[in-house]
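Residue numbers (my numbering): 214 to 1187.
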């Protein structure tokens, strides 16, 4: 068997083999089990807008790590997978491609055809996304995969809407919203970002009616003058006190509007002190309009063109209207000045186009009581954030208690389940719907028609031919359906065993970006529908930024494809590296490059690579200087042509994980090659050597630490702990220490039993991080040593996935022994350094003398054999009275002085002569550098990097000289 253990780990082979094995065995599937405690994670459902990027890889790795760990601890662990229809994001992507590639808009093809195109997109990209999660090693319960527009989720959405409608928590009203003219829909405040752009700041005048006076004001959006309904000044501004209550005339259309005083809007120290008021197109003006009962005049069509309220400007794009308004005001003599400025402009995060404040009819959820329930859940500790500082983001947002705009003017999503009828009576409705629990109705706020809410689609003829029912055209905000994810996916509103067992969940793992958009809303809807929180913990992980410090996103085109990295480094290497990123403090920058598929040359990624789009033309290429060849490259914006060689993304950060996996493989291979003749048998204390007790102490300590930090979601700390134990203590020290025993027939049986037990536990500790390599090694271990363990051998589990998480007894821990071995390791390193300094062959035996306290001397004598084993060094003597031999090299530790006798090992005189010559040479170099730096002309005139280079060279030579002089003193016996 050991002959089949390849010298090098083959990630691709293991990934294909073991993932299929796990799925076939049903290890990912969870079922209600009253004998076990459940652990449930609901995936932050990825949008079906494209492929996954590194942020998703981080999120998925962390969730899988937790799920695998809890599964090993004996929990019935459910990780629920699924995807989000992502209404506005998905429609935006499909519409953008349609415009770029076919020059078509949704209105050109109609609602049905667009929705059909989006379903095709969804089917293609959902499959791709789920396959990417599988390739990442995700142990999701794929049998339960849900989609937010599937029948189960749709039923939950309809029931929730009906419930809110019946409880008078949903209403329709005309409000000022963020309007995306490109997508022609409202967008939430949280889906808007501000960006400074080059703009202009105009100053105009309005004439005061029945007066020769004029009042001046400034604006960045002159076209909105067509919707002005007042001019506002501060009540205490003496310049305008006499004008308050009078009227001004808008020169563009002749409309007369009042001059009002409002201390909340006007600032007498800012600009002219007077501001125009456009309640239908500015949030501050809107609030002022409500306070002062001003008319609200909407001047825009949904597509951003001017509407019929603007007279001769009707039909113009708002930017064209802006230009014409300025020209007309100039012609009329009311233009004063203009200045160029950087203007902060709000943009839709979905379409990346400027938004307009826009007055429109929308559906809202009343947030007062719902928000308070979610606030209480965090403040009383039922829901806890890790790190705890993120609870502030959650609470601050909820405490605003802003009503939630849930309608979107899209065609893709959950259609709002409201039907309108303006001809029927209440008796007609009672006759048609009777006591149906799934239908409710009421008059609208203006008492113009009936609003009929139904959990199931109405045909439209329920009231007979005389009364037409018309369904609302809008769809629900994507976050409405996403907010129900924790209980909708388990079958709510229908009572069932899954819902009873797996709800509430255990932990939500997500990024800080959606604490308000999603986390808070899941808590409030869970409490509303289920009367219980949806999860106990919220783990907020850092974000992976691109090499330029930007957040990765599909819409920016700067996402790094984790599949490229997996192809290059292997899944385990990618997962292990990613886990090392997942700390509590800061985001992680990930610089990447593109690799020449033939030569391996790497060209760093630029911003241009991120943003280049084919736009129907030839697909972009990247040229490699060394080979002179160019290749298409990995990009979110296009798929390389079939048959093309592709320059894939690489990042040296992932060498960290690959090197670790290679180290683990080589160490495990060495261990297994030395298990020939292994026989299982119980171990006793007398079987253990000091190095055995040390490694068992470290194993128990590290396993306990791992359990603790994983329960706190400190994945970076856990990764460092298990890496240090594996690499430094198990591979570099323990395996070296036990070699003599493995090669001694008498000592071999006990040494093999400890070794195989420690390796078994180590692989189990690593399984949640690197599942494929550990499964490969576990299966090999099952062949060589099917029965193993510390201290009583047991049959190994058929898969490491279902093996128990190691919990070594605490009484194995021996801090004093660990300290003793730490001192031994420091001494071995010091001896090896002396060999390197004096260029002494590892085969040449050395003599070691230690001056130390008697207790330390006793400890060192107990491990004296390891000096010979690990450093080919004989511990000649140790104690407080040890004297330094003449011509010896020295080292000092905290409580030990060590001496290595060099007489007879090296030619002392020849070495001294060489070292003196080296010192003389260094002194000359130092003198030259100091002279150069003392020259004021050189320091003042030379480039800064040249001066810094001389300073760096000087410092290096000075340090090297100190080391050489110290060595000379040692050899001279000083």
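Glycine included, each C-beta is placed from N, C-alpha and C at the ideal position.
With a threshold of 16 other CB atoms inside 10 Å of the CB of residue i, please say whether the residue is buried or exposed.
i	result
residue 562	buried
residue 733	buried
residue 987	buried
residue 219	exposed
residue 1058	exposed
residue 320	exposed
residue 359	buried
residue 799	exposed
residue 222	buried
residue 985	buried
residue 489	buried
residue 434	buried
residue 838	exposed
residue 295	buried
residue 493	buried
residue 1179	exposed
Could you give the first and the last residue of the continuous alpha helix (DSSP H) run that contains residue i?
i	result
residue 989	984-997
residue 1011	Unbroken run through residue 1011: none, as it is neither H nor E.
residue 874	868-886
residue 489	Careful: residue 489 lies outside any alpha helix (DSSP H), inside the beta strand (DSSP E) at 487-490.
residue 253	Where residue 253 is concerned, there is no enclosing alpha helix (DSSP H), although the beta strand (DSSP E) it sits in stretches over 251-255.
residue 925	Neither: residue 925 is in no alpha helix (DSSP H) and is coded neither H nor E.
residue 785	784-794
residue 371	364-379
residue 579	First-last for residue 579: undefined, no H or E at that position.
residue 322	319-322
residue 1126	1121-1147
Taking just the CA atoms, how far does residue j sit from residue i?
i	j	result
residue 1045	residue 1086	10 Å
residue 1152	residue 1160	6 Å
residue 962	residue 970	12 Å
residue 215	residue 940	Only weak support is given to the placement of residue 215: the predicted model assigns it a pLDDT of 46, under 50, and the value that follows is read from those uncertain coordinates. Their backbone Cα atoms lie some 22 Å apart in a straight line.
residue 506	residue 796	52 Å
residue 240	residue 356	11 Å
residue 743	residue 714	13 Å
residue 352	residue 864	26 Å
residue 611	residue 588	7 Å
residue 686	residue 633	11 Å
residue 1076	residue 736	58 Å
residue 957	residue 945	20 Å
residue 640	residue 280	55 Å
residue 585	residue 378	19 Å
residue 400	residue 657	24 Å
residue 629	residue 444	39 Å
residue 582	residue 741	10 Å
In the DSSP assignment, the beta strand (DSSP E) including residue i goes from what residue to what residue?
i	result
residue 1088	1086-1092
residue 391	383-393
residue 427	427-432
residue 420	405-420
residue 663	663-667
residue 472	469-474
Given residue i, which residues of its chain have a CB within under 8 Å of its CB, disregarding the five upstream and five downstream residues?
i	result
residue 1009	973, 991, 994, 995, 998, 999, 1000, 1001 and 1016
residue 516	394 and 397
residue 680	634, 636, 637 and 641
Quick test of your reading: residue i and residue j, contact by CB under 8 Å. State the CB separation rounded to the nearest angstrom.
i	j	result
residue 909	residue 1025	5 Å
residue 254	residue 722	7 Å
residue 271	residue 754	6 Å
residue 596	residue 408	That pair is no contact at about 34 Å.
residue 932	residue 793	4 Å
residue 1167	residue 1146	7 Å
Spatial neighbours of residue i within its chain, please: C-beta separation below 6 Å, excluding the five flanking residues on both sides.
i	result
residue 304	623 and 625
residue 1176	none
residue 926	599 and 752
Excluding sequence positions up to five away, which residues of its chain have a Cβ less than 7 Å from the Cβ of residue i?
i	result
residue 698	255, 258 and 735
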